[in-house]
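Take a look at the structure below.
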Amino acid sequence: MEELIEKAAEELARATNVAALTGAGISVESGIPPFRGPGGLWEKIDPMEYAHIDAFLKDPVKVWNVLLKDMKALLDTARPNPAHLGLAHLEAMGILKTVITQNVDGLHQLAGNTDVIEFHGTFAVHRCMDCNRRRETCDIDLDRIPPRCECGGIWRPECVFFGEMIPSRALWRSQQAAESCDVMLVIGTSATVQPAATMPAIAKQAGARIIEFNEEETPLTGWVSNYRIPGKAGNVLDRVVKRVEALRG
Ligand code: NAD
Ligand code: ZN
Numbered sequence: 241m242e243e244l245i246e247k248a249a250e251e252l253a254r255a256t257n258v259a260a261l262t263g264a265g266i267s268v269e270s271g272i273p274p275f276r277g278p279g280g281l282w283e284k285i286d287p288m289e290y291a292h293i294d295a296f297l298k299d300p301v302k303v304w305n306v307l308l309k310d311m312k313a314l315l316d317t318a319r320p321n322p323a324h325l326g327l328a329h330l331e332a333m334g335i336l337k338t339v340i341t342q343n344v345d346g347l348h349q350l351a352g353n354t355d356v357i358e359f360h361g362t363f364a365v366h367r368c369m370d371c372n373r374r375r376e377t378c379d380i381d382l383d384r385i386p387p388r389c390e391c392g393g394i395w396r397p398e399c400v401f402f403g404e405m406i407p408s409r410a411l412w413r414s415q416q417a418a419e420s421c422d423v424m425l426v427i428g429t430s431a432t433v434q435p436a437a438t439m440p441a442i443a444k445q446a447g448a449r450i451i452e453f454n455e456e457e458t459p460l461t462g463w464v465s466n467y468r469i470p471g472k473a474g475n476v477l478d479r480v481v482k483r484v485e486a487l488r489g
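Residues in the sequence shown are numbered from 241 upward in steps of one, following this note's numbering.
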């Protein structure tokens, strides 16, 4: 593990155009449970029953009560952890250019990264299903479920539910970042949700080094990724970034 941390730090210290692809695992240490894996939300609920757009359209009260209410409570108070802060630090050092995140929690922006592609949208804003008005999530009143806009329409988060399209600009910009980076950090993602999971393969094909940070193996491990550093993302990234700093002088 020590050797892998040193190796990653050396590769990053030499790099000038790094992209990161992040998933729910990077926010676990901020208190937000992932979907898959130990302690994951899907041990308790069936995703297709709650996180699919058809489920929301069919029974918004159920999806608001079981999934969205809890998410709002969690995200209202979550703070960036050392993994998010490490990525912000890498940007400040001129090494990291773009974060492609599958998360909807806004923690990369809070940490200080300035170019964050929100591949699956954001939970920070809601949109009225009838009049398309937008409102910050902190101003959505949950006294009544489902919460409703003044026009009577139901509020939905600006995230991409299963069964919905990836915003085309996010997809296009992510592909560009993947094709042009010299190193891609793949952090805390099970790499099973498409098309986000193809970004590391695109980067690899274009000649980038792929470094995975995950407690567990993924479909990328030993194939697309050059190596995987196990352990908790907060602890590992913090150590890697401190070494990069030292190497850079
Ligand atoms: P996932 O839930 O499918 O997988 C999480 C991955 O993170 C697993 O591979 C797990 O081994 C790893 N992991 C868990 N804790 C870790 C830690 N402390 N350090 C390093 N690795 C750790 O996540 P996904 O691939 O992002 O796919 C889930 C989808 O659900 C995403 O598309 C996202 O939109 C959504 N989601 C978002 C949030 C959020 O915004 N924070 C939370 C849950 C789900
Ligand atoms: Zn409305």
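We put the CB at the ideal spot given by N, CA and C, even for glycine.
For residue i, I'd like the list of residues in its chain whose CB is within less than 7 Å of its CB, leaving aside the five on either flank, ordered along the chain.
{"i": "G271", "result": "L314, A318"}
{"i": "I442", "result": "Q415, A418, E419"}
{"i": "T461", "result": "E452, R468"}
Apart from the five residues on each side of it in sequence, which residues of its chain come closer than 8 Å, Cβ to Cβ, to residue i?
{"i": "D370", "result": "C389, C391, G392, G393, I394"}
{"i": "C399", "result": "V344, H360, G361, T362, F363"}
{"i": "F402", "result": "P287, M288, A291, H292, I293"}
{"i": "L350", "result": "R319, P320, H324"}
{"i": "T354", "result": "E331"}
Helix or strand or just coil, what does DSSP make of residue i?
{"i": "E452", "result": "strand"}
{"i": "R375", "result": "strand"}
{"i": "R479", "result": "helix"}
{"i": "F359", "result": "coil"}
{"i": "A438", "result": "Residue identity differs from the one stated: residue 438 is Thr in this sequence, not Ala. Helix at T438."}
{"i": "L460", "result": "coil"}
{"i": "I469", "result": "strand"}
{"i": "A264", "result": "helix"}
Considering residue i, what are the terminal residues of the beta strand (DSSP E) in which it resides?
{"i": "M311", "result": "From DSSP, M311 is part of no beta strand (DSSP E) but of the alpha helix (DSSP H) over 309-317."}
{"i": "M405", "result": "Looking at the DSSP string, M405 is not in any beta strand (DSSP E), and its letter there is neither H nor E."}
{"i": "K337", "result": "336-341"}
{"i": "I380", "result": "Counting along the chain, I380 falls outside any beta strand (DSSP E), and DSSP gives it neither H nor E."}
{"i": "A351", "result": "First-last for A351: 347-351, but that is the alpha helix (DSSP H), not the beta strand (DSSP E)."}
Report yes if the C-beta of residue i is less than 7 Å from at least one heavy atom of the ligand NAD; otherwise report no.
{"i": "F401", "result": "no"}
{"i": "R276", "result": "yes"}
{"i": "N454", "result": "yes"}
{"i": "G280", "result": "yes"}
{"i": "H366", "result": "no"}
For the ligand ZN, is there a heavy atom less than 7 Å away from the beta-carbon of residue i?
{"i": "D370", "result": "yes"}
{"i": "R373", "result": "yes"}
{"i": "C378", "result": "no"}
From which residue to which residue does the alpha helix (DSSP H) around residue i run?
{"i": "W412", "result": "408-420"}
{"i": "H329", "result": "322-332"}
{"i": "I272", "result": "From DSSP, I272 is part of no alpha helix (DSSP H); its letter is neither H nor E."}
{"i": "E242", "result": "242-254"}
{"i": "V423", "result": "That residue, V423, is in no alpha helix (DSSP H); its beta strand (DSSP E) goes 423-427."}
Cβ of residue i less than 8 Å from any chain D Cβ?
{"i": "G279", "result": "Absence of chain D from the displayed structure is noted, only one protein chain being present."}
For residue i, I'd like the list of residues in its chain whose CB is within less than 6 Å of its CB, leaving aside the five on either flank, ordered along the chain.
{"i": "G334", "result": "none"}
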